[in-house]
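Listed below in structure tokens is the structure:
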């Protein structure tokens with residue numbers, strides 16, 4: 001049997017039971033954006049790690065090295081954001097094939113350290129080795145979060161409002177443009193490609209939501225709205241109802257949909273690598289939280305509601321209801 | 001310019017200055033076995049990460065998957081040992097090529113979790129992705145060490161005794177046997193290959209030395225005795241004199257040397273992946289430490305002395321003295 005036959009999450013389900021050797025200190029192990037560790041102080045320690053592999057996650061010709069360095073760190077920062085933390089220290093392992101030169105590697109680290117500086121994160125070493133195949137970049141990142149503010153996936157409740165902190169679908173549309181020979185006007189194509197290549201980690205959004213204590217659950221949208229909403233639903237034991245009309249669609253995505261004859265909802269629902277936060281909010285706190293977001297200059301858009309039951313539904317603009325499953329982006333499964 | 005032109009350490013020297021964004025909380029960043037972080041409790045947090053790449057670090061046909069899973073964790077445990085810590089939580093990222101099946105992956109995790117259980121270490125997730133090239137395994141590992149007991153590389157002093165906690169050179173000889181078609185009797189070949197494939201992390205040795213407070217500096221021998229001794233010398237600003245006659249040579253290594261017509265010292269000095277600890281000891285504490293080691297059932301063998309000055313020398317059995325440089329194992333440099 002191959003990994004693609006059961007998918008990444010199927011594999012995690014198989015190996016996870018063997019990994020929990022000791023419960024002391026572990027607030028949350030496998031199965032959230034970060035592991036959450038009790039280090040006996042006022043803050044919990046957060047740890048996350050993500051691997052970027054050439055030809056799987058990126059092609060060298062898409063962008064300069066700086067872009068991939070920044071993204072390798074950004075996707076980890078996004079995990080810290082989803083737990084409500086601030087990021088602390090990054091540990092970078094790289095496997096370097098013969099076709100990569102030193103200038104490219106220095107660009108990679110420049111991109112990483114420029115982004116690290118924005119978030120006051122150290123790059124504290126790691127491991128450097130050669131590779132006979134492709135370029136591989138692994139970042140392990142620590143963070144801290146006040147223990148009473150940590151946000152999990154499994155704590156959403158029926159009646160909570162579902163909200164997002166940014167546009168969805170742009171990254172997936174951008175990826176499709178990067179992979180195709182199809183050209184769109186650059187004022188449409190560029191922001192979409194940029195959404196894929198240079199995601200902004202929503203760390204300030206995460207801190208603001210976490211410190212409000214009115215955000216009951218959170219995840220970052222890395223695998224796609226359908227997949228990550230399913231994580232919140234399944235882990236919390238509840239169902240979700242989205243309102244299509246409430247989901248924010250960026251101008252670039254709407255125009256790309258028009259020109260290509262594609263319903264933007266396809267990119268939004270089955271997308272991936274959006275790196276916005278998908279959260280559950282106490283319904284009576286939404287108005288205040290939106291005012292906070294407006295004042296602080298970030299987006300907070302309610303797109304539906306968690307309800308009792310199982311599964312995920314979306315109420316389309318025409319009033320019809322469709323069910324959907326966790327068919328988001330999984331690197332091992334084709335659609 | 002390519003990475004191999006300047007080597008791993010040359011590259012680290014180039015990128016390290018860009019990584020130190022914030023000094024708060026960082027006791028030691030780049031340039032030791034682990035990063036050492038002040039988490040405001042009685043213990044420091046240790047973090048280390050190591051990347052194993054197929055065809056660079058191992059060939060699938062050498063051993064069952066369990067072996068590589070255990071080794072991927074063991075090399076990180078060894079870094080924690082070198083800082084005197086106990087290991088806590090491991091985070092495993094894997095990139096899986098098409099030629100690897102699920103049974104192999106489950107063997108990999110079985111090997112890892114069997115070793116993790118021995119040291120009470122959790123496997124708390126990580127990242128799983130596909131690869132178009134080779135199998136890649138990255139482990140990031142945390143540990144804790146009482147803050148007054150942490151061991152560094154830069155704190156050895158002239159007059160300190162140089163000691164090792166096990167045999168050197170076996171792993172390198174084992175690697176050469178794995179890579180060659182040369183056959184030796186299995187009672188010689190097997191322990192050497194095993195030294196390479198299944199190193200035992202010296203965690204109990206590290207804890208014992210650290211808690212003695214008489215071990216002034218430590219490193220694990222991953223790049224080879226010459227390279228790692230050079231790290232201790234350079235970082236501490238002192239010199240080292242080894243006594244060839246004092247360096248322990250295992251029976252298997254001595255017999256392999258006889259049969260192959262190779263001086264075992266070559267494997268010992270330029271070896272690598274030994275994963276024993278190389279330490280600096282207060283001279284007047286050596287006798288007591290050796291008694292402790294005997295009582296606890298581990299090896300502690302004085303092999304020389306740190307002295308004022310620069311460089312490394314070895315006094316051969318015939319009384320002659322040779323200088324040597326940090327020409328140990330560096331994955332990017334050929335000899």
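Protein chains in written order, with my numbering: chain A, 1 to 335; chain B, 1 to 335. Backbone N, C-alpha and C define an ideal beta-carbon position, used for all residues, glycine too.
- For residue 129 (chain A), the CB contacts under 6 Å within the same chain, skipping 5 residues up- and downstream, are 95 in chain order.
- In the DSSP assignment, residue 322 (chain B) falls within the unbroken beta strand (DSSP E) covering 321-324.
- With at least 16 other beta carbons inside 10 angstroms of its own, residue 216 (chain A) counts as buried.
- Residue 179 (chain B) counts as exposed, since fewer than 16 other beta carbons sit within 10 angstroms of its beta carbon.
- For residue 286 (chain A), the closest C-alpha among the options A:305, A:276 and A:237 is that of A:305.
- For the pair residue 21 (chain B) and residue 116 (chain A), the CB atoms are nearer than the 8 Å cut-off.
- Residue-level contact by beta carbon holds for residue 96 (chain A) and chain B, with a gap shorter than 8 Å.
- Boundaries of the beta strand (DSSP E) harbouring residue 303 (chain A): 301-307, taken from the DSSP string.
- Taking a contact to require three or more Cβ pairs closer than 8 Å, the segment 47-56 of chain B and the segment 132-144 of chain B qualify as touching.
- If you draw a straight line from the Cα of residue 154 (chain B) to the Cα of residue 327 (chain A), it comes to about 52 Å.
- Inter-segment contact for the segment 52-72 of chain A and the segment 192-207 of chain A is present: three or more beta-carbon pairs are separated by less than 8 Å.
- By the criterion of at least three beta-carbon pairs nearer than 8 Å, the segment 263-279 of chain A is in contact with the segment 155-175 of chain A.
- Distance from the CA of residue 210 (chain B) to the CA of residue 203 (chain B), rounded to the nearest whole angstrom, comes to 10 Å.
- Judged by DSSP secondary structure, residue 155 (chain B) falls outside any alpha helix (DSSP H); it is assigned neither H nor E.
- In this structure, residue 91 (chain A) lies near residue 125 (chain A), with their beta-carbon atoms less than 8 Å apart.
- Only those residues of the segment 51-79 of chain A whose C-beta falls short of 9 Å from the nearest C-beta of chain B are listed: 51, 52, 53, 54, 55, 56 and 57.
- Of A:3, A:188, A:59 and A:147, the smallest CA-CA separation from residue 102 (chain B) is found for A:3.
- Look at residue 327 (chain B): its C-beta is not under 8 Å from any C-beta on chain A.
- In this structure, the alpha-carbon of residue 26 (chain B) lies about 19 Å from that of residue 38 (chain A).
- Bridge pairing for residue 130 (chain A): A:96 [DSSP].
- Listed in chain order, the positions of the segment 127-140 of chain B with a beta carbon within less than 8 Å of a beta carbon of chain A are 127, 128, 129, 130, 131, 132, 133, 134, 136, 138 and 140.
- Residue contact with chain B for residue 93 (chain A): present (Cβ-Cβ distance below 8 Å to some residue of chain B).
- Around the beta carbon of residue 251 (chain A), fewer than 16 other beta carbons lie within 10 angstroms, which makes this residue exposed.
- Taken atom to atom, the span from the alpha-carbon of residue 228 (chain B) to that of residue 28 (chain A) is near 37 Å.
- Taking all protein chains shown into account, residue 316 (chain A) has fewer than 16 neighbouring C-beta atoms within 10 Å of its C-beta and is therefore exposed.
- Distance check between residue 98 (chain B) and each of A:261, A:208, A:5 and A:267 places A:5 closest, using alpha-carbon atoms only.
- Its chain contains 12, 16 and 19 as the residues whose beta carbon lies nearer than 7 Å to that of residue 30 (chain A), once the 5 sequence neighbours on both sides are disregarded; these appear in chain order.
- In the DSSP assignment, no residue is bridged to residue 65 (chain B).
- Within 8 Å of the CB of residue 218 (chain A), no CB atom of chain B is found; the nearest one sits about 17 Å away.
- Annotated three-state conformation of residue 44 (chain B) is strand, per DSSP.
- With fewer than 16 neighbouring CB atoms inside 10 Å of its own CB, residue 120 (chain A) falls in the exposed class.
- Around the beta carbon of residue 259 (chain B), fewer than 16 other beta carbons lie within 10 angstroms, which makes this residue exposed.
- Under the three-state reduction of DSSP output, residue 59 (chain B) falls in the coil class, being neither helix nor strand.
- A Cβ-Cβ separation of about 6 Å places residue 289 (chain B) in contact with residue 212 (chain B) under the 8 Å criterion.
- Distance from residue 164 (chain B) to residue 277 (chain B) at the Cβ level is roughly 7 Å; contact confirmed, criterion being Cβ atoms closer than 8 Å.
- Residue 262 (chain A) and residue 168 (chain A) have their C-alpha atoms some 15 Å from each other.
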